[in-house]
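Participant: I have a structure here, written as structure tokens, and I will follow up with some questions on it.
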Amino acid sequence: MSAKEERIKKLREKAERHSIDGFFIASEPNMCYFTGFSTLAIERLVSSVISTEPVEPILIIPKLEEEKAKRLSFFKDIRSYTDAEGPSRLVSEVIGELNLTEATLGVEDSLPFKFYRMIREAAPSLEVREASVILNRLRSIKSRGEIELMKRAADIAVRGVRAGIESIKIGVSELSVAFEIEKEMIKLGGESIPFCLVLSGENSALPHGSASNRKIGRGDAVIIDVGVTYKGYYADITRTVFVGEINERQRRVYNVVLKAQEGAIDFVKPWIKACQVDRAARGIIEEAGYGGFFTHRTGHGLGLEVHEEPYITQTNETTLKPGMVFTIEPGIYLHGSFGVRIEDDIVVTEDGREVLTKMPRDLLVV
Ligand SMILES: [Mn+2]
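Below, the structure written as structure tokens:
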């Protein structure tokens with residue numbers, strides 16, 4: 001059985017346990033994972049309908065995507081609609097053919113309302129149920145092949161950050177450092193770069209600020225946070241460096257974040273809960289008196305999406321299992337002054353964890 005057939009088989013098994021008779025999948029990451037095909041859909045419907053019965057699942061796509069879908073999808077039954085007619089006739093035809101008109105259909109929480117309405121109109125007695133949890137849980141356990149791709153992505157991200165750090169000089173702008181990072185990552189086969197943050201001085205105190213024309217100065221903290229994909233899979237890494245000199249407060253804050261991050265990484269192993277990993281990091285930051293300045297969760301799952309299950313929060317009771325991949329990225333942000341964040345990507349192994357983003361975290365003054 002191929003990896004792809006395995007995914008559909010597991011999906012059907014899960015569906016049975018949740019009394020779901022079929023799925024209507026329309027999000028890009030789930031299309032990619034379960035059908036092998038995904039595309040830039042924008043407002044057009046790109047979807048698949050998968051019955052839990054052992055019948056061939058069906059792809060519903062715009063006409064212009066037909067050739068690409070034939071090449072990429074491992075679904076054999078591909079139906080296309082033209083822009084002139086729209087997808088509603090096909091949606092109703094497919095739901096009927098797969099015997100789902102009176103069934104319970106699982107959909108994603110991200111399903112656009114217009115497509116939800118289309119399904120309702122196609123089969124008014126159909127029960128539509130939100131089933132993202134089922135799809136997300138399946139995706140959260142990565143296969144060996146997926147982890148290999150994520151290692152490649154991680155390596156590209158590490159080398160990008162390294163190129164960025166090498167380009168930091170007093171008087172250079174944040175954007176030009178970001179450009180060096182992106183250039184390096186694209187050269188190495190990075191495909192999509194959804195964000196490349198270079199935040200210096202006061203900007204580093206904004207967890208999700210954006211790179212600007214601000215010139216980097218002596219004594220600045222510089223946070224570099226990049227996301228990049230390889231064959232659809234994400235890496236996400238953050239390093240914080242200091243420019244020219246470092247003061248005592250910066251050194252102290254850096255060391256607290258480092259201790260929190262490494263403490264949480266060492267804590268990761270199968271069968272502990274996501275919230276315990278958050279606690280491991282947060283506890284160290286609170287103890288040092290900076291609890292109020294760590295304003296976000298400790299991390300997030302990573303895969304075909306840059307934020308996915310499992311989220312490493314104070315309240316997530318999800319049990320960690322081998323094959324789960326997530327970030328550990330505590331930070332401390334002192335508004336008006338500076339911030340520090342250190343982030344790595346971690347995979348849970350049979351007996352512990354492996355760090356995918358292999359890059360030193362020692363305090364660095366450039
Ligand atoms: Mn992140």
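The numbering of the sequence shown is this note's numbering, which starts it at 1 and goes up by one. Where a beta carbon is used, it is the ideal one built from N, C-alpha and C, also for glycine.
May I have all residues whose beta carbon comes closer than 5 Å to any heavy atom of ligand 1, sorted in chain order?
Facilitator: 236, 327
Participant: At what residues does the beta strand (DSSP E) containing residue 223 begin and finish?
Facilitator: Locating residue 223 in the sequence shown gives position 223, counting from the first residue. Run containing residue 223: 221-230, per the beta strand (DSSP E) assignment.
Participant: Is the beta carbon of residue 359 closer than 7 Å to that of residue 158?
Facilitator: The residue given as residue 158 occupies position 158 in the sequence shown. The residue given as residue 359 occupies position 359 in the sequence shown. Yes, the Cβ-Cβ distance between residue 158 and residue 359 is below 7 Å.
Participant: Between which two residues does the beta strand (DSSP E) carrying residue 200 extend?
Facilitator: As a working note, residue 200 is residue 200 in the sequence shown. Counting along the chain, the beta strand (DSSP E) containing residue 200 begins and ends at 195-200.
Participant: Where does the unbroken alpha helix (DSSP H) through residue 164 begin, and where does it stop?
Facilitator: If you number the sequence shown from 1, residue 164 lands on position 164. From DSSP, the alpha helix (DSSP H) with residue 164 extends over 144-167.
Participant: Give me the Cα-Cα distance between residue 47 and residue 280, rounded to the nearest whole angstrom.
Facilitator: Translated into positions along the sequence shown, residue 47 becomes position 47. Translated into positions along the sequence shown, residue 280 becomes position 280. One C-alpha to the other measures close to 41 Å.
Participant: Taking 7 Å as the threshold (C-beta atoms), are residue 220 and residue 243 in contact?
Facilitator: Start at 1 with the first residue of the sequence shown, and residue 243 comes out as number 243. Start at 1 with the first residue of the sequence shown, and residue 220 comes out as number 220. Remark: C-beta atoms of residue 243 and residue 220 approach each other more closely than 7 Å.
Participant: Taking the continuous beta strand (DSSP E) assigned at residue 299, which residues delimit it?
Facilitator: Taking the first residue of the sequence shown as position 1, residue 299 is located at position 299. Its beta strand (DSSP E) spans residues 299-301.
Participant: Going residue by residue through the stretch 284-321, where are the continuous beta strand (DSSP E) segments of at least 3 residues, counting only ones entirely within it?
Facilitator: 299-301, 308-312
Participant: Cα separation between residue 78 and residue 60?
Facilitator: Reading the sequence shown from its first residue, position 78 is the one you call residue 78. Reading the sequence shown from its first residue, position 60 is the one you call residue 60. The straight-line gap from Cα to Cα measures roughly 6 Å.
Participant: Got a sec, what are the start and stop residues for the beta strand (DSSP E) residue 128 sits in?
Facilitator: Position 128 of the sequence shown, counted from the start, is the residue given in the question as residue 128. Run containing residue 128: 127-130, per the beta strand (DSSP E) assignment.
Participant: By how many angstroms is the C-alpha of residue 141 removed from the C-alpha of residue 87?
Facilitator: Taking the sequence shown and counting its residues from 1, one reaches residue 87 at position 87. Taking the sequence shown and counting its residues from 1, one reaches residue 141 at position 141. So the alpha carbons of these two residues sit roughly 33 Å apart.
Participant: Would residue 274 and residue 330 be called neighbours here (beta carbons separated by less than 7 Å)?
Facilitator: On the sequence shown, position 274 is the one that residue 274 refers to. On the sequence shown, position 330 is the one that residue 330 refers to. No.
Participant: Expressed to the nearest angstrom, what Euclidean distance is found between the alpha-carbon atoms of residue 340 and residue 258?
Facilitator: One-based indexing of the sequence shown puts residue 340 at position 340. One-based indexing of the sequence shown puts residue 258 at position 258. For residue 340 and residue 258, the distance between alpha carbons rounds to 9 Å.
Participant: Can you check the stretch 89-135 for any alpha helix (DSSP H) of at least 4 residues that lies completely inside it and give the ranges in chain order?
Facilitator: 113-122
Participant: Can you tell me the Cα-Cα spacing of residue 206 and residue 105, whole angstroms?
Facilitator: The residue labelled residue 206 in the question sits at position 206 within the sequence shown. The residue labelled residue 105 in the question sits at position 105 within the sequence shown. Rounded to whole angstroms, residue 206 to residue 105 spans 42 Å at the Cα level.
Participant: For residue 63, which residues in the same chain have their Cβ closer than 6 Å to its Cβ, ignoring the five residues on either side in sequence?
Facilitator: Counted from its first residue, the sequence shown places residue 63 at position 63. The answer, listed in chain order, is 80, 82.
Participant: Go through its chain and collect everything with a Cβ distance to residue 313's Cβ below 8 Å, but skip five positions before and after it.
Facilitator: For the purposes of this step, residue 313 is taken as residue 313 along the sequence shown, with counting starting at 1. These residues qualify, in order along the chain: 274, 275, 278, 297, 298.
Participant: Give a yes or no on whether the C-beta atoms belonging to residue 293 and residue 233 are separated by under 7 Å.
Facilitator: Here residue 293 corresponds to residue number 293 of the sequence shown, with the count starting at 1. Here residue 233 corresponds to residue number 233 of the sequence shown, with the count starting at 1. Going by C-beta atoms, residue 293 is not nearer than 7 Å to residue 233.
Participant: Which of the three DSSP states, helix, strand or coil, is assigned to residue 16?
Facilitator: Translated into the one-based positions of the sequence shown, residue 16 becomes position 16. Reduced to three states, the DSSP call for residue 16 is helix.
Participant: According to DSSP, is residue 273 helix, strand or coil?
Facilitator: Here residue 273 corresponds to residue number 273 of the sequence shown, with the count starting at 1. Note: residue 273 maps to strand in three-state DSSP.
Participant: Nearest to residue 131 by CA position, among 23, 190, 318, is which residue?
Facilitator: Walking along the sequence shown from the start, residue 131 turns up at place 131. Checked all of 23, 190, 318; the closest Cα to residue 131 is 23.
Participant: Evaluate residue 68 with the Cβ neighbour count: other Cβ atoms within 10 Å of its Cβ, from every protein chain shown; 16 or more gives buried, anything less gives exposed.
Facilitator: Here residue 68 refers to the residue found at position 68 when the sequence shown is read from its first residue. Its Cβ having fewer than 16 others within 10 Å, residue 68 is exposed.
Participant: Taking residue 363 as the reference, which of 184, 164, 239 has the closest Cα?
Facilitator: The residue given as residue 363 occupies position 363 in the sequence shown. By alpha-carbon distance to residue 363, the top candidate from 184, 164, 239 is 239.
Participant: I believe residue 129 touches residue 20 by the beta-carbon criterion, under 8 Å. Please report the beta-carbon distance rounded to the nearest angstrom.
Facilitator: Position 129 of the sequence shown holds residue 129. Position 20 of the sequence shown holds residue 20. About 6 Å separates the two Cβ atoms, so the contact holds.
Participant: One question on the structure: do residue 173 and residue 108 come within less than 7 Å of each other, judged by their Cβ atoms?
Facilitator: Within the sequence shown, numbered from 1, the residue matching residue 173 stands at position 173. Within the sequence shown, numbered from 1, the residue matching residue 108 stands at position 108. No, these two residues do not count as a Cβ contact at 7 Å.
Participant: What is the DSSP secondary structure of residue 31, reduced to helix, strand or coil?
Facilitator: Residue mapping note: residue 31 aligns to position 31 of the sequence shown, counting from 1. If DSSP states are grouped into helix, strand and coil, residue 31 belongs with the helices.
Participant: Of all the options 355, 41, 154, which has the alpha carbon lying nearest to the alpha carbon of residue 268?
Facilitator: Taking the sequence shown and counting its residues from 1, one reaches residue 268 at position 268. It is 355 whose Cα lies nearest to the Cα of residue 268.
Participant: Measure the alpha-carbon distance for residue 74 versus residue 263 and round it to whole angstroms.
Facilitator: The sequence position of residue 74 within the sequence shown is 74, counting from 1. The sequence position of residue 263 within the sequence shown is 263, counting from 1. If you take the alpha carbons of residue 74 and residue 263, they lie about 43 Å apart.
Participant: Suppose the cutoff is 6 Å on Cβ atoms and the five residues either side in sequence are ignored; what does the same chain contact list for residue 167 look like?
Facilitator: Walking along the sequence shown from the start, residue 167 turns up at place 167. So the list reads 177, 180, once near-sequence residues are dropped.
Participant: Who does residue 235 pair with in a DSSP beta bridge?
Facilitator: One-based indexing of the sequence shown puts residue 235 at position 235. Looking at the DSSP assignment, residue 235 forms a beta bridge with 228.
Participant: Within its chain, find whatever has a CB closer than 8 Å to the CB of residue 36; leave out the 5 residues flanking it on each side and keep chain order.
Facilitator: As a position in the sequence shown, residue 36 is number 36, starting the count at 1. Within the same chain, residue 36 has close Cβ partners 4, 72, 73, 74, 75.
Participant: Alpha carbon to alpha carbon, how far is residue 175 from residue 156? Give it in angstroms, no decimals.
Facilitator: As a first step, residue 156 is located in the sequence shown; it is residue number 156 there, counting from the start. As a first step, residue 175 is located in the sequence shown; it is residue number 175 there, counting from the start. Their backbone Cα atoms lie some 19 Å apart in a straight line.
Participant: Per DSSP, what kind of secondary structure is residue 179 in: helix, strand or coil?
Facilitator: Mapped onto the sequence shown, residue 179 falls at position 179. The answer is helix: DSSP assigns residue 179 an H, G or I state.
Participant: Quick check on the DSSP output: the alpha helix (DSSP H) that includes residue 266 runs from which residue to which?
Facilitator: Locating residue 266 in the sequence shown gives position 266, counting from the first residue. First-last of the alpha helix (DSSP H) with residue 266: 248-267.
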